[in-house]
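Written out below as structure tokens is the structure these notes cover.
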Amino acid sequence: LVRPSVSPWGALVLLVKKKDGGSRLCVDYRQLNKLTIKNKYPLRRIDDLMDQLRGASIFSKIDLRSGYHQIRVKEGDIPKNHIKTAFRARYGHYEYVVMPFGVTNAPVVFMDYMNRIFRPFLDKFVVVFIDDILIYSRTPKEHGEHLRLVLEILKAKQLYAKLSKCEFWLNEVKFLGHVISAEGIVVDLAKVESVLQWERPRTVTDIRSFVGLAGYYRRFIEGFSKIVAPLTQLTRKEQSFIWTDACERSFNELKRRLTTSPVLVLPDSGEPFDVYCDASHQGLGCVLMQNRKVVTYASRQLKNHVMTWS
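When we follow our numbering, the leftmost residue of the sequence shown carries the number 1236, and every step to the right adds one.
In structure tokens, the structure reads:
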């Protein structure tokens, strides 16, 4: 993965404990990332990935082992690129010969590669998000064939999975912070259980962290924008940080909604939809339904200049 280096570059490193007891080498590439031209390849929205699962009842999940490290840096680029990945450790100076974690373009480069190799199967029976692969099928017979095709591609491209994090032939699967089954999608409570112990935010950074987590699951929360408004107001530059009763109510209500979220059904494009809308001076909201069941909630706050419209 690495080799000795004489590069003029040299980022600092830190070892972080992993859940499985191992250690992850984290390199501080912030200065390198500031100088890097950003790759604009799009990462798909999580909501869009989930909507294609309608009708599936059997699932398998494959997690690639240290996914980024399975992409080698092109040999012809060694003088230009390898030296930039250099880092300083306690007993030496090294550089990566594979794509390291922490560089700004790594996620989109890996996503692009995965989309290219699985393109014939995307939106049919495969969902890919960076190094996570979900295979979904309607019947056991279909699933066996789908698994075979996916594993053959991984073998042909010499991509290796971490068996301890893979799961096969499931009726219910945890994927990207959600629990998916034939009945629909719910929030993975294991991912949000820490919300109940979340202390009251004391800085703008604290608020952004909490709102970021809540916003990831906003499709499950009716009137999300209206509920979160008192908190987002505190993040504005001209706003003094004063924790009010409205902020406290917003904070507690979001915690409650996150841990008691409903089951959302997966949409069927062949069936009619119903849209119910609501509006106020502060924001807009709607709910998308199908066969009297909720598909998703959506809302947004109004800009200050829009609030003045008559």
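For each residue, glycine too, the CB sits at the ideal point set by N, CA and C.
Non-local beta-carbon contacts of L1284 in its own chain, meaning distances under 7 Å to residues more than five positions away in sequence, involve V1362, F1364 in chain order. Sequence-distant partners of F1445 (beyond 5 residues in either direction) whose C-beta falls short of 7 Å from its own C-beta, in its chain, are W1433, P1436. Closest option to F1508, judged by alpha-carbon separation, among T1531, L1384, K1392: T1531.
Listed in chain order, the non-local C-beta contacts of S1515 below 8 Å within the same chain comprise K1461, local neighbours out to five positions each way being set aside.
Contact between F1294 and V1408 holds: CB atoms are separated by about 4 Å, below the 8 Å threshold.
With fewer than three CB-CB distances shorter than 8 Å, the stretch 1300-1307 does not count as touching the stretch 1369-1387. Separation of I1281 and D1255 (C-alpha to C-alpha, rounded to the nearest whole angstrom) is 26 Å. CA-CA distance, F1322 to P1335, rounds to 11 Å.
As summarised for the stretch 1489-1539, the continuous beta strand (DSSP E) elements at least 3 residues long and confined to that stretch are 1509-1514, 1518-1525, 1528-1536, given in chain order. Taking all protein chains shown into account, Y1371 has 16 or more neighbouring C-beta atoms within 10 Å of its C-beta and is therefore buried. Rounded to whole angstroms, R1259 and G1412 show a C-alpha spacing of 21 Å. Of the candidates P1342, S1485, R1373, P1342 places its Cα closest to the Cα of D1367. Exposed is the label assigned to I1272, since fewer than 16 other Cβ atoms lie within 10 Å of its Cβ. G1302 carries a helical assignment under DSSP once its states are collapsed to helix, strand and coil. Under DSSP, H1328 shares a beta bridge with R1323.
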